[in-house]
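Each protein sequence line maps, in turn, to chains A and B.
Per our numbering, residue 1301 is the first one in the first sequence, and the count goes up by one each step.
Per our numbering, residue 1301 is the first one in the second sequence, and the count goes up by one each step.
Backbone N, C-alpha and C fix where the C-beta goes; we use that ideal spot for every residue, glycine too.
Here is the structure we will look at, set down as structure tokens.
Number of protein chains: 2
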Amino acid sequence: MAEREVDRSVSQTVKAQLALRDQLLSGSLRPGERISELQAVETTGASRTPVRMALVRLEEEGLLEAIPSGGFMVKAFSERDISDSIELRGTLEGLAARFAAERGVSARELEPLKECLSAIDELLRQVPISVDAFSSYVTLNARFHALLTELSRSPPLIRQIDRASALPFASPSGFVMAQSALPEAQQILIIGQEHHRVVIDAIENREGARAEAVMREHARLAVRNLRLALRNRTHLDLLPALALIKTATD
Amino acid sequence: MAEREVDRSVSQTVKAQLALRDQLLSGSLRPGERISELQAVETTGASRTPVRMALVRLEEEGLLEAIPSGGFMVKAFSERDISDSIELRGTLEGLAARFAAERGVSARELEPLKECLSAIDELLRQVPISVDAFSSYVTLNARFHALLTELSRSPPLIRQIDRASALPFASPSGFVMAQSALPEAQQILIIGQEHHRVVIDAIENREGARAEAVMREHARLAVRNLRLALRNRTHLDLLPALALIKTATD
DNA sequence: GTCCCCGCTATTGTATACATTAAGTATTCA
DNA sequence: TGAATACTTAATGTATACAATAGCGGGGAC
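So this is what it looks like as structure tokens:
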């Protein structure tokens, strides 16, 4: 094994998993396509054992599907699969927000959330918003949702939300990008930001039901958002995750 | 490899996974305990590769936890972890019930649900209920919940509910058993059965909100149920899954 | 006597060889 | 000529050998 370059800073399994996920989300591998272990070995640089572990993990993650006769194929999703996933995630986040409100959260714990909020406000002042600002928005929004989830203090719930978000298309923030040039885009971001504000307020005032309701509404907004994006396919290239959507023939 | 008996009817990976899960739920392996690959190889009869695949799957399933320095340990759960898991599952089932109601379900699809309902009614007529009848109840109840989940016609949601149920303690039916001899037991089963009846009615009448609400209430009943069971520990041996609960010192 | 360092051992992470099965192709028979 | 069967091949499933690392124990020095 002279020529195999081995990077020992991360495990081969993790390296393979990241590489394969990249390939999946970038669209190098088409939905329904069978994934070849040997090919994966070549493209990832790891050997078969770590590659197989990565494949198992990606299957559990929901990006791959086991073929009964052996091996794995790239999973394909319908538009409804995706909108359901968004709603599902919203439902779980609603539960997290309710837990946070009911169980109580100190002002100190809410601080990072509020910082996120302000930072997003800052970005949204730009009209129309630039691509760079969008990129920052996506990061900040993801951070906001992650922090909110943490406030539930419920490891099983946090874990489950992570899994529901693992399918990257379930990330509401992602879809926004697809329509950055649409006139409705900015408006949608502003409504979403309003939701963020309300959920913090509800948690501060220990209004569990209100906190839950607004997060579910937030997800419904994201679903409308997705529909809009799919009707205006011009910017879909900004959404690598959508490579996993089934083609029209399905 | 003369003496290793190989059963070719199922894959070694699946065999190892089932065997290890058995060990976890039966309490042979204690929470927090590190799991030895070599030992697992001996007890399962599979070789290291399939054992490792099984360990990865069990980690994704939530029964094991990866140790940073390598290997896996048996995950430990607090009482709140478990009650949160039940509520989480109820929330997802509520969404499934709502989807079923909103998207419409034919009378023919509801038939199996109603059969389950009647069968459970039959069992509950026994007062007090026998251990055998309990066992049947658990099976039927699980079937009812699975069928209900299917009605949502949402693969991502079904998948997620399966995962939330994968932690077996999250199965509301399980906890009932722990208190089969308690005076409150029968009453709880009867209330649960009433919930089942209501959710079917709500789905038939396309009342999404009502269908969702009753499933969430159903989960809250299961949580009360769990608390009751834990206060009356005499029958905990009926609940192997609870072997995973952290001991009092945690 | 205690603390630190070195080396050993046990266990995991990785690579690869071997077994088995499924799919594709060619050949033969009807 | 078409269909069925057998053979070949390429892939996955399994087992095991090898490498690296972390934890532990002993010994030495301060």
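Margin query: Going by DSSP in three states, Arg-1463(A) sits in which element: helix, strand or coil?
Written below: What you label residue 1463(A) is simply residue 163 of the first sequence in a count that begins at 1. Three-state result, Arg-1463(A): helix.
Check: Looking only at its own chain, which residues have a Cβ that is under 7 Å from the Cβ of Arg-1403(B), when we skip the five neighbours before and after it?
Finding: For the purposes of this step, residue 1403(B) is identified with residue 103 of the second sequence, where counting begins at 1. Excluding positions up to five away in sequence, the list reads Arg-1453.
Notebook entry, point to check: In chain B, which residues lie with their C-beta within 7 Å of the C-beta of Ile-1369(A)?
Noted result: As a working mapping, residue 1369(A) is identified with position 69 in the first sequence. It should be pointed out that residue 1369(A) corresponds to Ser in this sequence rather than to Ile. In chain order: nothing, as chain B lies at least about 12 Å away.
Check: My guess is that Leu-1526(A) and Ile-1386(A) are in contact by the Cβ rule of under 8 Å, so how many angstroms apart are they, rounded?
Finding: The sequence position of residue 1526(A) within the first sequence is 226, counting from 1. The sequence position of residue 1386(A) within the first sequence is 86, counting from 1. About 7 Å separates the two Cβ atoms, so the contact holds.
Item checked: Contact set for Arg-1520(A): own chain, Cβ-Cβ below 8 Å, skip 5 residues either direction -> Numbered from 1 along the first sequence, position 220 holds the residue referred to as residue 1520(A). These residues qualify, in order along the chain: Glu-1387, Gly-1390.
Notebook entry, point to check: Val-1310(A) by DSSP, collapsed to three states: which one?
Noted result: The residue given as residue 1310(A) occupies position 10 in the first sequence. Annotated three-state conformation of Val-1310(A) is coil, per DSSP.
Next item on the list: Tell me whether the beta-carbon of Arg-1425(B) lies closer than 8 Å to the beta-carbon of Leu-1363(B).
Entry: As a position in the second sequence, residue 1425(B) is number 125, starting the count at 1. As a position in the second sequence, residue 1363(B) is number 63, starting the count at 1. Against a cut-off of 8 Å, the Cβ pair of Leu-1363(B) and Arg-1425(B) comes out as no contact.
Notebook entry, point to check: Quick one: what does DSSP say Ser-1471(A) is sitting in, helix, strand or coil?
Noted result: Looking up residue 1471(A) in the first sequence gives position 171. Model confidence at Ser-1471(A) stands at a pLDDT of 44, short of 50, so the residue's coordinates are unreliable and nothing is read from them.
Next item on the list: Would you please verify whether the beta carbon of Leu-1448(A) is less than 8 Å from any beta carbon of chain B?
Entry: For the purposes of this step, residue 1448(A) is taken as residue 148 along the first sequence, with counting starting at 1. So, not an interface residue.
Notebook entry, point to check: What residue from Phe-1444(A), Arg-1531(A), Ala-1319(A), Ala-1511(A) has the CA that sits closest to Phe-1399(A)'s CA?
Noted result: As a position in the first sequence, residue 1399(A) is number 99, starting the count at 1. Selected option, being the one with the closest Cα: Ala-1511(A).
Notebook entry, point to check: Using the C-alpha atoms, what's the distance from Ser-1435(A) back to Glu-1409(A)?
Noted result: Translated into positions along the first sequence, residue 1409(A) becomes position 109. Translated into positions along the first sequence, residue 1435(A) becomes position 135. In a straight line, the C-alpha of Glu-1409(A) is about 26 Å away from that of Ser-1435(A).
Next item on the list: Under 7 Å between beta-carbons, which chain A residues line up against Ser-1385(B)? List them in chain order, please.
Entry: For the purposes of this step, residue 1385(B) is identified with residue 85 of the second sequence, where counting begins at 1. For Ser-1385(B), the residues of chain A that pass the 7 Å Cβ criterion are Pro-1456, in the order they occur in the chain.
Checklist line | Beta-carbon neighbours of Gln-1460(B), restricted to chain A and to distances below 8 Å | finding: Counting from 1 along the second sequence, the entry for residue 1460(B) is found at position 160. What Gln-1460(B) touches in chain A: Leu-1388, Gln-1460, Arg-1463, Ala-1464.
Note to self: Once DSSP output is grouped into helix, strand and coil, what is the label at Glu-1507(B)?
What the structure shows: Walking along the second sequence from the start, residue 1507(B) turns up at place 207. Coil, per DSSP.
Item checked: Residue(s) in a DSSP beta bridge with Val-1374(A) -> Within the first sequence, the letter at position 74 stands for residue 1374(A). In DSSP, Val-1374(A) forms a bridge with Leu-1364(A).
Next item on the list: Just confirm the distance between the C-beta atoms of Gly-1263(A) and Arg-1330(A), as a whole number of angstroms; I'd bet it's less than 8 Å.
Entry: Past the edges of chain A, shown from 1301 to 1550, lies residue 1263(A), and the structure says nothing about it.
Check: Taking DSSP as the reference, what is the three-state secondary structure of Ile-1335(A)?
Finding: Your numbering for residue 1335(A) matches position 35 in the first sequence. Residue state, collapsed to three classes: strand.
Item checked: Contact set between Val-1356(A) and chain B, taken where Cβ atoms lie within less than 7 Å -> Within the first sequence, the letter at position 56 stands for residue 1356(A). Those within 7 Å of Val-1356(A) in chain B are Met-1353, Val-1356, Arg-1357.
Next item on the list: Would you identify the three-state DSSP class for Val-1427(B), choosing helix, strand or coil?
Entry: Taking the first residue of the second sequence as 1, we reach residue 1427(B) at position 127. Coil at Val-1427(B), not helix or strand.
Next item on the list: With Gly-1390(B) as the anchor, note down where its alpha helix (DSSP H) starts and where it stops.
Entry: Along the second sequence, read from residue 1 onward, the residue named residue 1390(B) stands at position 90. Per DSSP, Gly-1390(B) belongs to the alpha helix (DSSP H) from 1379-1403.
Margin query: Could you compute how far the alpha carbon of His-1518(B) sits from the alpha carbon of His-1495(B)?
Written below: Reading the second sequence from its first residue, position 218 is the one you call residue 1518(B). Reading the second sequence from its first residue, position 195 is the one you call residue 1495(B). Answer to the nearest angstrom: the Cα atoms are 6 Å apart.
Notebook entry, point to check: By a C-beta neighbour count over all protein chains shown, 10 Å radius and 16 as the cutoff for buried, is Arg-1531(A) buried or exposed?
Noted result: As a position in the first sequence, residue 1531(A) is number 231, starting the count at 1. When all chains shown are included, Arg-1531(A) counts as exposed.
Item checked: Residue burial classification, Val-1427(B) (beta-carbon count within 10 angstroms, cutoff 16) -> On the second sequence, position 127 is the one that residue 1427(B) refers to. Under this definition Val-1427(B) is an exposed residue.
Checklist line | Spatial distance of Leu-1392(B) from Ile-1458(A) (CA atoms) | finding: Looking up residue 1392(B) in the second sequence gives position 92. Looking up residue 1458(A) in the first sequence gives position 158. Approximately 14 Å between the Cα atoms of the pair.
Notebook entry, point to check: Are any of the Cβ atoms in chain B nearer than 8 Å to that of Val-1306(A)?
Noted result: Start at 1 with the first residue of the first sequence, and residue 1306(A) comes out as number 6. A caution first: Val-1306(A) carries a pLDDT of 42, below 50, which makes its placement in the model too unreliable to give a value.
Notebook entry, point to check: Counting contacts by CB-CB distance shorter than 8 Å, is Leu-1325(B) in contact with chain A?
Noted result: Taking the first residue of the second sequence as 1, we reach residue 1325(B) at position 25. It does not: the Cβ of Leu-1325(B) has no partner Cβ on chain A nearer than 8 Å.
Note to self: I'd like to know if Thr-1349(B) contacts chain A, where contact means its C-beta is closer than 8 Å to some C-beta of that chain.
What the structure shows: Looking up residue 1349(B) in the second sequence gives position 49. Chain A contact via Cβ: present.
Next item on the list: Rounded to whole angstroms, what's the CA-CA distance from Leu-1528(B) to Ser-1369(A)? Just pull it up for me.
Entry: If you number the second sequence from 1, residue 1528(B) lands on position 228. If you number the first sequence from 1, residue 1369(A) lands on position 69. Between Leu-1528(B) and Ser-1369(A), the C-alpha separation is close to 46 Å.
Note to self: Suppose contacts are defined by Cβ-Cβ distances below 8 Å. Is Leu-1358(B) in contact with Leu-1413(B) by that definition?
What the structure shows: As a first step, residue 1358(B) is located in the second sequence; it is residue number 58 there, counting from the start. As a first step, residue 1413(B) is located in the second sequence; it is residue number 113 there, counting from the start. Remark: C-beta atoms of Leu-1358(B) and Leu-1413(B) do not approach each other more closely than 8 Å.
Next item on the list: Have a look at Gln-1493(A) and Ile-1488(B) and give me their C-alpha separation to the nearest angstrom.
Entry: For the purposes of this step, residue 1493(A) is taken as residue 193 along the first sequence, with counting starting at 1. For the purposes of this step, residue 1488(B) is taken as residue 188 along the second sequence, with counting starting at 1. Straight-line spacing of the CA atoms in Gln-1493(A) and Ile-1488(B) works out to 43 Å.
Check: Buried or exposed: Glu-1422(A), going by 16 or more other Cβ atoms within 10 Å of its Cβ?
Finding: Along the first sequence, read from residue 1 onward, the residue named residue 1422(A) stands at position 122. Label assigned to Glu-1422(A): exposed.
Margin query: Please identify the residue among Val-1341(B), Ser-1336(B), Ser-1383(B) whose C-alpha is closest to the C-alpha of Arg-1516(B).
Written below: Locating residue 1516(B) in the second sequence gives position 216, where the first residue counts as 1. Among Val-1341(B), Ser-1336(B), Ser-1383(B), the Cα nearest to that of Arg-1516(B) belongs to Ser-1383(B).
Margin query: Am I right that His-1312(B) and Pro-1350(B) are in contact with their C-beta atoms under 8 Å? What's the rounded C-beta distance?
Written below: Along the second sequence, one-based indexing puts residue 1312(B) at 12. Along the second sequence, one-based indexing puts residue 1350(B) at 50. Here the sequence assigns Gln to residue 1312(B), which means His is not the residue at that position. With 8 Å as the limit, Gln-1312(B) and Pro-1350(B) qualify as a contact, their Cβ atoms being about 4 Å apart.
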